[in-house]
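Residue numbers (this note's numbering): 10 to 182.
Okay, here's the thing in structure tokens:
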């Protein structure tokens with residue numbers, strides 16, 4: 010079988026993709042990702058989360074490797090009157106067995122290109138301090154805006170610092 014990677018936007022769920030994303034979320038949470046959930050993450054909780062995505066202001070892309078969903082990223086478009094120039098990157102995740110293949114970078118590129126098409130000039134995101142994702146974001150041109158101590162709890166009960174990043178996409182006018 011040919012080794013292929015395809016990025017596509019999900020606008021409506023089919024049963025297979027919904028369950029694949031639920032399984033992906035469970036796998037990354039079990040692997041220790043700081044992504045808003047703690048292990049053990051039950052399948053029905055994961056499915057419930059995904060059923061709320063995508064939404065009118067939440068764009069969702071999946072990465073398929075040889076047809077299997079192995080990664081996701083979301084772009085949350087701000088709708089506040091004073092924030093229609095910005096968007097937030099959320100739930101960038103890659104299956105533990107599919108890392109170091111450039112999948113996260115490809116997903117981020119698609120999200121950033123869409124933000125530009127949506128006339129967004131600012132991207133923001135946060136991630137746990139010390140995670141490998143920090144070097145990815147810096148390599149993509151994101152700049153550290155600040156840190157908050159004791160921001161997120163891990164499965165072992167420890168509180169971890171988070172790092173907020175931003176990227177200016179084009180000058181506002």
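We put the CB at the ideal spot given by N, CA and C, even for glycine.
Keep in mind it's a predicted model, so treat the numbers as computed, not measured.
I need the boundaries of the alpha helix (DSSP H) containing residue 84, first residue and last residue. Element bounds for residue 84: not the alpha helix (DSSP H) but the beta strand (DSSP E), 77–86.
Extent of the continuous beta strand (DSSP E) to which residue 98 belongs: 95–103
Burial state of residue 114, where buried means 16 or more other Cβ atoms lie within 10 Å: Counting the other CB atoms within 10 Å of its CB gives residue 114 a total below 16, which places it among the exposed residues.
Our contact map puts residue 116 next to residue 70 with C-beta atoms below 8 Å; I'd like the distance itself, whole angstroms only. Between residue 116 and residue 70 the beta-carbon gap is near 6 Å, inside 8 Å, which marks them as a contact.
Between the Cα of residue 57 and those of 46, 65 and 66, spot the shortest distance and give me the residue it belongs to. Minimum Cα distance to residue 57 is reached at 46.
Report buried or exposed for residue 135, applying the criterion of at least 16 other Cβ atoms within 10 angstroms of its Cβ. buried
Taking just the CA atoms, how far does residue 131 sit from residue 43? 23 Å
On the criterion of 16 or more Cβ atoms from any shown chain inside 10 Å, does residue 112 qualify as buried, or is it exposed? buried
Inter-residue Cα distance where the pair is residue 161 and residue 167: 8 Å
Name the two residues that bound the continuous alpha helix (DSSP H) containing residue 219. Outside the modelled stretch of the chain, which goes from 10 to 182, sits residue 219, for which no answer is possible.
Per DSSP, residue 176 forms a beta bridge with which residues? 132
Just tell me which of 156, 127, 143 and 154 has its CA closest to the CA of residue 179. Considering only alpha carbons, the answer is 127.
Other residues of its chain near residue 125: CB distance less than 8 Å, five sequence neighbours each side excluded: 178 and 179
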